[in-house]
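This report concerns only the one structure given below.
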């Protein structure tokens, strides 16, 4: 009788343990879509970066984890003839990382853009080539800034839909620490799928 009760209890405990592990959500990258899903993310040295909104002053609007913008000449008559940027940032967690993707000219539309030397500047002051800048926090220091160098990787635009405001792409790059050029990080599995009309609505 005691052995029967023991077997029943053991079976019950094992089933409870199995149920609890099956229900744990796994945080992962969103699919690399081209539908304007307003998703993005990448791995930085294997660690997941997803956009997460933060907060500003009490009662203020949130600080958005996924943003995009463009220069004034991006619009007609020559569509894409100015810079466009995408920023993916974890603004919710203490020590969250962020990555800034700068395309200086998108008149090519869909296609491959070679990532070049960063000048450490943003928006209109960015370089005359695509760049990536990342801020990475290791839990010890305030953070490190990493720049792209010459032929650092590729940004592939998979959808360039100006009329509908949908821009999608994938990216991979190797970046170097601006204060110690021998220290490098790998940006892998990068993707973004943005609809400017509905982003952060």
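Residue numbers (the working numbering): 42 to 242. Just so it is clear, CB atoms sit at the ideal spot from N, CA and C, and this is done for glycine as well. Only a predicted model underlies this, so the values are computations on that prediction, with no experimental measurement involved.
Bridge partners of residue 216 according to DSSP: 189, 226. In this structure, DSSP gives residue 233 an extended state, which the three-state scheme calls strand. One thing to note: residue 212 has its Cβ no nearer than 9 Å to the Cβ of residue 186. Counting the other Cβ atoms within 10 Å of the Cβ of residue 172 gives 16 or more, which makes it buried.
Secondary structure at residue 165: helix, using DSSP grouped into helix, strand and coil. Restricting attention to 217, 81, 148, the CA atom closest to the CA of residue 107 is found in 81.
Exposure of residue 102 is indicated by the presence of fewer than 16 other C-beta atoms within 10 angstroms of its C-beta. Assignment of residue 135 by DSSP, reduced to helix, strand and coil, places it in the coil class.
The alpha-carbon of residue 117 is positioned some 30 Å away from that of residue 189. With fewer than 16 other CB atoms across the displayed protein chains lying within 10 angstroms of its CB, residue 152 is exposed. Counting only runs of 4+ residues, no alpha helix (DSSP H) is found wholly inside the segment 77-107. No Cβ-Cβ contact shorter than 9 Å links residue 156 with residue 233.
The Cβ atoms of residue 145 and residue 167 sit closer than 9 Å to each other. Per the C-alpha coordinates, the member of 199, 134, 162, 214 positioned closest to residue 75 is 199. Note: residue 208 is bridge-paired with 201, 235 in the DSSP secondary-structure output. Relative to residue 138, the option among 240, 72, 86 whose CA is nearest is 86. With 16 or more other Cβ atoms from the protein chains shown falling within 10 Å of its own Cβ, residue 109 counts as buried.
Shown here, residue 241 sits in coil according to DSSP, grouped into three states, outside any helix or strand. Within the model, the alpha-carbon separation for residue 93 versus residue 84 is close to 15 Å.
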